[in-house]
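Residue numbers 502 to 668, in the numbering used here, belong to the letters of the sequence shown in order. Below is one structure, written out as C-alpha cells; the observations come after it.
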Amino acid sequence: ERVALLKGLPARVIDDVLAHRIVLTPGGRTLVATMRANGAYACLVSGGFTAFADRIAQRIGFDEASANQLLIDADGKLIGEVAEPILGREAKLATLLALRARLGLATEDTLAIGDGANDLDMIRAAGLGIAFHAKPAVAAAAAARIDHCDLTAVLFIQGYRRDQFVE
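Here it is, written out as C-alpha cells:
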C-alpha cells in the first residue's frame, strides 16, 4: 500500500505538504460559506488523511471532517500505517447516513459531491449527488455532474444567484 512509503518520515512533512503542495479547490470556500450561512451543515468526508482533511476543513469553513488517521510513533515519525477503520467507500456512505440521522435530515435534504469510485455509494444515497470533475463511471452514475466549472456551480444547481454568494 502507498501509505507504507511514508514510514520513517518526520510527521512535520505534513506541514510542508500543506504549505507548499496543497491547492484548495476553487469555489470551495464560497460554496461552504454560502451553504452554512443558509443553515446547511458541511462535513468534509475524505479518503485522505485527517492531518490534511482537518486543516483543510478548518481553512474552508466546514463544520467537521472525517478522514483516515495516519499513525505516528513516539519520536514523531510516520509509522506507514493508517488506524482502523479505513475510511473508504462503505465508510463514506456510513458517514453520510450517520450525519443524516444525527441532524434529523431527510434524504432530500442532503447533498454529496465526489469524484472517485469510493464516493459512488455516498453520491447515490444523497438527495442530490454531484460528480465533480469525476471519473467517467462516477459522472455516469451521479444525478448531476460538473465537468468544467469550479465548486460555485453547486450553488447555481441549488438555485442561488451570484449576488447571494457569501465570499
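All C-beta atoms in this analysis are idealised placements derived from N, C-alpha and C, irrespective of residue type, glycine included. Quick caveat: nothing in here was measured; it's all calculated off a predicted structure.
7 Å Cβ shell around residue i - same chain, five flanking residues per side excluded
i, result
"residue 573", "512, 579 and 580"
"residue 555", "566"
"residue 530", "561 and 562"
"residue 636", "616, 617 and 618"
Rounded straight-line distance, which links the Cα of residue j to that of residue i
i, j, result
"residue 568", "residue 662", "32 Å"
"residue 631", "residue 599", "19 Å"
"residue 537", "residue 543", "7 Å"
"residue 526", "residue 642", "22 Å"
Per-residue DSSP class, three states only, for residue i
i, result
"residue 562", "coil"
"residue 642", "helix"
"residue 523", "coil"
Burial state of residue i (16 or more Cβ within 10 Å)
i, result
"residue 593", "buried"
"residue 620", "buried"
"residue 589", "exposed"
"residue 653", "buried"
"residue 584", "exposed"
"residue 575", "exposed"
"residue 639", "buried"
"residue 608", "exposed"
"residue 518", "exposed"
Chain-order list of residues whose beta-carbon lies under 6 Å from that of residue i (same chain, five-residue window excluded)
i, result
"residue 535", "656, 666 and 667"
"residue 515", "552"
"residue 570", "551 and 584"
Contact set for residue i: own chain, Cβ-Cβ below 8 Å, skip 5 residues either direction
i, result
"residue 509", "578, 579 and 581"
- Runs of beta strand (DSSP E) lying entirely within the segment 593 to 636, each at least 3 residues, in chain order: 612 to 615 and 629 to 633
- Message: Suppose only complete runs of 4+ residues qualify. What are the alpha helix (DSSP H) ranges in the segment 526 to 593, listed by chain order?
- Response: 529 to 538 and 551 to 561
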